[in-house]
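Novice: Last residue of the sequence shown: number 306 in full-length UniProt numbering, and the count goes up by one each step with no gaps. Glycine is no exception: its CB is placed at the ideal position from the N, C-alpha and C atoms. Just dropping this structure here.
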Amino acid sequence: MVNEINIANKLKRQELFAEIKDQKNKERHTMRRQRAKEERENPELKEKRLKENVTRTIDTMRVYDETIAQTNVDSDDEDGEDADAEDEDDLMRFFNTNQRDHPPKIFLTTNVNAKKAAYEFANVLIEVLPNVQFVKRKFGIKLKEIAEMCNKRNFTDMVIINEDKKKVTGLTFMHLPEGPTFYFKVSSYVEVKRIAGHGRPTSHIPELVLNNFQTKLGKTVGRLFQSIFPQNPDIEGRQVITLHNQRDYIFFRRHRYMFRDEEKVGLQELGPQFTLKLRRLQRGLREETEWEHRPEMDKDKKKFYL
Numbered sequence: 001m002v003n004e005i006n007i008a009n010k011l012k013r014q015e016l017f018a019e020i021k022d023q024k025n026k027e028r029h030t031m032r033r034q035r036a037k038e039e040r041e042n043p044e045l046k047e048k049r050l051k052e053n054v055t056r057t058i059d060t061m062r063v064y065d066e067t068i069a070q071t072n073v074d075s076d077d078e079d080g081e082d083a084d085a086e087d088e089d090d091l092m093r094f095f096n097t098n099q100r101d102h103p104p105k106i107f108l109t110t111n112v113n114a115k116k117a118a119y120e121f122a123n124v125l126i127e128v129l130p131n132v133q134f135v136k137r138k139f140g141i142k143l144k145e146i147a148e149m150c151n152k153r154n155f156t157d158m159v160i161i162n163e164d165k166k167k168v169t170g171l172t173f174m175h176l177p178e179g180p181t182f183y184f185k186v187s188s189y190v191e192v193k194r195i196a197g198h199g200r201p202t203s204h205i206p207e208l209v210l211n212n213f214q215t216k217l218g219k220t221v222g223r224l225f226q227s228i229f230p231q232n233p234d235i236e237g238r239q240v241i242t243l244h245n246q247r248d249y250i251f252f253r254r255h256r257y258m259f260r261d262e263e264k265v266g267l268q269e270l271g272p273q274f275t276l277k278l279r280r281l282q283r284g285l286r287e288e289t290e291w292e293h294r295p296e297m298d299k300d301k302k303k304f305y306l
């Protein structure tokens, strides 16, 4: 209708356009009030409308991956389905499932010739990861030699901070004694002091929340994070670490529950914030490459791997 307006006077044309716009707003509000009244009388109409009006996003239109675990199963079959899914991934057998006898013990180091940024990030990981020991990397010592030393001292994992040009660029996780090895790119790092209203963490073991790790590869990555955090969190500490996977980007957040009263609860962020993206998965200690991200994988924006 706006395109049909053929008035030479600009002011008159603007007034007419405002009247048309106002009339459309009134009609829309009248329709919404009428629809709300009908839905109050018949709640099924609202359920039907919400079911049909599903927002189309890149996540909902993702390319189907046959390794995604089926969640539409009966509750009686959930344990069996999960067990079968784990059996399909032969990398799962390397991870420690009995933490009572072998609790996680992490060896933390950096790449050779690390600078200040790597050591500052190491201090952050020492605060985040439980039962971690940091050792400065010495020149001339190979990773396999360090891994052998860690095995003799009963370390379960080795974490290497990769720093380049005075900036932390990646994290390497080596599960001991037989791997696998994960390399993640690190980005969007936000220090604790830059987070408004942040709290101070305590020494309590946090809860671990893993979101949206759906595929076979995603389950393997999720099992890595499960293996480096103890499975007996201190509930009274009210601390929780969240690793949220969205479009193959893993967002790290740390919060504390804040109970305001018996019904209301809030979250206080403890920091830091950073994002991980899986670049490489190798069997053993940096041996055969099981999966590697390649540039051509980014052509299809609806294809995700975790």
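(1) Am I right that Leu276 and Leu143 are in contact with their C-beta atoms under 8 Å? What's the rounded C-beta distance?
(2) With Arg254 and Gly271 assumed to form a contact (beta carbons below 8 Å), what rounded beta-carbon distance in angstroms separates them?
(3) From the DSSP output, in three-state form, read off Phe17 for me.
(4) When the Cα of Glu163 is compared with those of Asn211, Glu38, Ala118, which residue comes out closest?
(5) Mind checking which residues open and close the alpha helix (DSSP H) that includes Glu296?
(6) Terminal residues of the continuous beta strand (DSSP E) containing Thr169?
(7) Would you tell me roughly how many angstroms separate the C-alpha atoms of Glu178 and Thr169, rounded to the nearest one?
(8) Can you tell me whether DSSP reads Thr220 as helix, strand or coil?
(9) Assign Asn131 to one of three DSSP states: helix, strand, or coil.
(10) DSSP three-state call for Gly237: helix, strand or coil?
(11) Contact criterion: CB-CB distance below 7 Å. Does Lys115 meet it with respect to chain B?
(12) Could you give the DSSP three-state label for Gln32: helix, strand or coil?
(13) Are the beta-carbon atoms belonging to Arg207 and Pro233 less than 7 Å from one another?
(14) How is Gln214 classed by DSSP in three states: helix, strand or coil?
Specialist: By the coordinates alone:
(1) No, Leu276 and Leu143 are not in contact; Cβ-Cβ is about 20 Å, not under 8 Å.
(2) 6 Å
(3) helix
(4) Out of Asn211, Glu38, Ala118, the CA that lies nearest to the CA of Glu163 is found in Ala118.
(5) If you look at Glu296, you'll find it isn't in any alpha helix (DSSP H); DSSP assigns it neither H nor E.
(6) 167 to 175
(7) For Glu178 and Thr169, the distance between alpha carbons rounds to 25 Å.
(8) helix
(9) coil
(10) helix
(11) Absent from the structure: chain B. Only one protein chain is present.
(12) According to the sequence displayed, residue 32 carries Arg and not Gln. The answer is helix: DSSP assigns Arg32 an H, G or I state.
(13) Before going further, note that residue 207 is Glu rather than Arg in the sequence given. For Glu207 and Pro233, yes; Cβs fall inside 7 Å.
(14) coil
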